[in-house]
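J.: All residue numbers for the sequence shown refer to our numbering, where the first residue is 69 and numbers rise by one.
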Amino acid sequence: MRMENDGVLDKSPIGDPSGEPQAPACTVDAADWLLEPDEPDNPLVEGLIESGEVFAIVGQAKAGKSLLALQMAVSIAAGVQFLGKACARRKVYVANLEVSARQYKKRLRRICEGLDIDPDILRGWLFVGNAKGQSALWKMALDACTAHGCEVAFIDPFYQIAHIAETDEVQCLAAVEEMKAFTRKGITLGIVFHSPKGFSGDRQLVDMISGSSVLARFPESILGFLNHAEDKTARVFDAILRNYPPPEPFAVSTANGMLELAPDTAPEVATAKNAWRRTQKSASSETPLKPYVMKVVKESEEEAEKKGATDYKGIPSRALADKARDAYMEATGKSLGIKRMPEAVAVLVEDKKLIQTDRTGKDGRKYVGTPEKMKWWTGRGQPVGCAEGGGE
């Protein structure tokens with residue numbers, strides 16, 4: 069602030085002798101602007117990353133985020149495709165802040181061998197800063213980029229370079245300013261973030277970055293590397309993009325120590341719900357409980373047919389589980405946990421051997437039956453297929 073002699077605040081711009089306000093250099097007249105031709109896109113990674121942007125890589129712990137970042141860095145430095153997408157060749161700097169230099173070199177070697185890249189191709193194009201445990205890392209990374217003429221930088225991971233309380237908005241804003249220092253120099257910046265505990269598939273990508281929403285909203289792109297619902301060696305690649313249309317999620321294999329497209333694998337992300345179903349399916353297959361469930365259902369349907377019932381509701385799911393449990397214990401002489409039979413019912417519903425209705429009626433019951441016999445009428449008098457998933 070500047071004060072005039074009489075103590076009145078002088079609001080005129082510094083360096084403007086006339087005292088007249090001047091428009092910022094970033095302001096344009098829209099009409100003149102539209103007379104100019106559009107600038108061409110400048111993709112770093114085709115359809116994913118625009119040159120000069122900040123992008124985030126997110127996923128659960130041990131999902132392989134560092135592997136993704138390193139393979140993308142190698143692909144850009146060598147000018148080869150990354151997971152089927154063309155990369156512009158650029159000089160790249162990678163700040164490895166978490167893994168030992170010895171292990172990181174092994175990862176780098178596996179990727180180069182898998183992509184059939186001779187190390188000499190990377191000479192003068194890829195620079196690795198093994199800076200685990202060092203300080204002043206923002207400056208170190210920016211200085212390294214400047215010294216080597218790098219146009220792309222990867223920071224892996226964020227928490228090791230920022231050293232902030234990620235829930236503190238003021239500290240997060242300060243970290244954002246550090247990121248802007250890269251983009252002001254025209255450097256594309258990729259940062260690996262850890263996600264909160266729990267299943268990443270239960271959150272939107274924008275909510276997977278730990279801490280303040282400031283960190284989640286700043287990147288132009290968020291690349292999600294998510295655990296697969298069934299295959300432990302597979303991941304699902306998903307993205308939120310500001311500069312390109314979002315791609316369809318696709319599956320990636322990590323089985324060979326590098327990332328490879330897995331076109332025959334459905335891109336199903338692990339969630340709390342499908343993890344529970346897998347657990348129950350595995351548990352119920354250990355003991356032959358399903359035949360007892362099916363036996364009770366068949367008996368109930370046969371009894372309904374004998375009575376001439378035209379609109380069979382099915383057997384209440386809780387009664388089904390209780391009767392099947394009693395039948396099992398009577399036949400085997402073994403005890404059975406009270407939750408085991410409902411789990412077997414849920415697996416049969418999941419496998420579509422049985423159909424289960426939504427909760428209905430004053431008592432909120434669910435009814436279960438075989439697909440060929442079940443017939444449930446709604447208030448409109450229309451037969452519906454009933455709910456196909458979930459137990460009580």
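We put the CB at the ideal spot given by N, CA and C, even for glycine.
1. Might you give, ordered along the chain, the residues of its own chain that have their beta carbon closer than 6 Å to the beta carbon of PHE286, omitting 5 neighbours on each side?
2. Would you decide whether ARG303 is buried or exposed? Buried here means 16 or more other CB atoms lie within 10 Å of its CB.
3. Quick one: what's got a C-beta closer than 7 Å to GLU88's C-beta in the same chain, skipping five residues either side?
4. Going by DSSP in three states, GLU88 sits in which element: helix, strand or coil?
5. Note down the Cα distance separating CYS180 from VAL142, rounded to an integer number of angstroms.
6. State the CB to CB distance for the pair ILE144 and VAL260, rounded to an integer number of angstroms; the pair is presumed to be in contact (CB under 8 Å).
7. GLY258 and PHE150: beta carbons closer than 8 Å?
8. Hey, out of PHE250, ARG178 and GLU237, whose CA is closest to MET208's CA?
9. In three-state terms, what does DSSP make of PRO384?
10. Just to confirm, are GLY152 and LEU329 a CB contact at a threshold of 8 Å?
11. Just reading off the alpha helix (DSSP H) that ALA471 is part of, what are its end residues?
12. Since TYR435 sits in a beta bridge, which residues does DSSP pair it with?
13. If you compare alpha carbons, which of ALA156, LEU205 and LYS407 is closest to MET247?
14. Spatial neighbours of ILE185 within its chain, please: CB distance less than 6 Å, with the 5 preceding and 5 following residues excluded, ordered by chain position.
15. Measuring alpha carbon to alpha carbon, tell me which of ALA233, ILE308, ALA99 and PHE195 ends up nearest PHE117.
16. How about PRO335 and PRO317: do their beta carbons lie closer than 8 Å?
17. On the three-state DSSP scale, how would you describe LEU102?
18. Have a look at the DSSP bridge pairing and note the partners of LYS153.
19. What separation, rounded to the nearest whole angstrom, lies between the Cα atoms of LYS363 and GLU298?
20. Looking only at its chain, what residues have a beta carbon closer than 8 Å to the beta carbon of SER385, apart from the 5 residues adjacent to it on each side?
21. Opposite GLU328 in the DSSP bridges: which residues?
22. Quick one: Cα of ALA284 to Cα of GLY115, how far?
23. From ILE406 to ARG393, what does the alpha carbon distance come to, in whole angstroms?
24. Which residue marks the beginning of the alpha helix (DSSP H) containing VAL167, and which one marks its end?
25. Report the rounded CA-to-CA distance for ASP306 versus GLY120, giving the unit in angstroms.
26. Helix, strand or coil for ILE308 per DSSP?
27. May I ask you to report which of helix, strand or coil DSSP gives GLU245?
28. Do you know offhand how far GLN228's Cα is from GLU166's?
29. Could you check what DSSP says for SER289 in three-state terms: helix, strand or coil?
30. Near GLY254, which residues of its chain fall below 7 Å by C-beta distance, leaving aside the five closest residues on each side in sequence?
31. For PRO359, report the span of its alpha helix (DSSP H) as first-last.
32. What's the call for ARG252, buried or exposed, on a 16-neighbour Cβ count within 10 Å?
33. Starting from the C-beta of LYS391, find all residues in its chain whose C-beta is less than 6 Å away, skip the five residues before and the five after it, and write them out in chain order.
34. Taking the alpha helix (DSSP H) that THR256 falls in, what are its first and last residues?
35. For ALA212 and GLN202, I'd like the C-alpha separation in whole angstroms.
T.: To lay it out plainly:
1. For PHE286, where only same-chain residues beyond five positions count, the Cβ hits under 6 Å are VAL244.
2. Taking all protein chains shown into account, ARG303 has 16 or more neighbouring C-beta atoms within 10 Å of its C-beta and is therefore buried.
3. The beta carbon of GLU88 sits closer than 7 Å to no other beta carbon from its chain once the five residues preceding and following it are set aside.
4. Here GLU88 carries a coil assignment [DSSP, helix/strand/coil].
5. Answer to the nearest angstrom: the Cα atoms are 8 Å apart.
6. Incorrect: roughly 15 Å between the Cβ atoms, too far for contact.
7. Taking a C-beta distance under 8 Å as the contact criterion, GLY258 and PHE150 do not qualify as a contact pair.
8. Among PHE250, ARG178 and GLU237, the Cα nearest to that of MET208 is on PHE250.
9. DSSP places PRO384 in strand when its eight states are reduced to three.
10. Contact: yes.
11. It is not possible to answer for residue 471, since the shown part of the chain is limited to 69 through 460.
12. In the DSSP assignment, TYR435 is bridged to PRO384.
13. Closest by alpha carbon: LEU205.
14. Once the five neighbours on either side are set aside, the close Cβ partners of ILE185 are ALA146.
15. For the sequence presented, residue 117 should be read as Ile rather than Phe. Minimum Cα distance to ILE117 is reached at ILE308.
16. Going by C-beta atoms, PRO335 is nearer than 8 Å to PRO317.
17. In the structure shown, LEU102 adopts helical secondary structure according to DSSP, grouped into three states.
18. Its beta-bridge partners are PHE150.
19. Rounded to the nearest angstrom, the two C-alpha atoms are 30 Å apart.
20. Once the five neighbours on either side are set aside, the close Cβ partners of SER385 are PRO410, VAL413, GLN424, ARG433, LYS434, TYR435, VAL436, GLY459 and GLU460.
21. Residue pairing by DSSP places GLU328 opposite SER321 in a beta bridge.
22. Roughly 21 Å between the two C-alpha positions.
23. Rounded to the nearest angstrom, the two C-alpha atoms are 8 Å apart.
24. From DSSP, VAL167 is part of no alpha helix (DSSP H); its letter is neither H nor E.
25. Approximately 21 Å, taken between the alpha carbons.
26. Strand at ILE308.
27. DSSP, reduced to helix, strand and coil, places GLU245 within a helical segment of the structure shown.
28. Spanning the two alpha carbons is a distance of roughly 7 Å.
29. SER289 falls in the strand class under three-state DSSP.
30. These residues qualify, in order along the chain: GLY120 and GLU219.
31. Its alpha helix (DSSP H) spans residues 358-374.
32. Of the residues assessed, ARG252 falls on the exposed side of the cut-off, its CB having fewer than 16 other CB atoms within 10 angstroms.
33. Close CB contacts of LYS391 within its chain, under the 6 Å cut and outside five residues either way in sequence, are with VAL364 (chain order).
34. DSSP places THR256 in no alpha helix (DSSP H) but in the uninterrupted beta strand (DSSP E) bounded by 256-260.
35. Between ALA212 and GLN202, the C-alpha separation is close to 14 Å.
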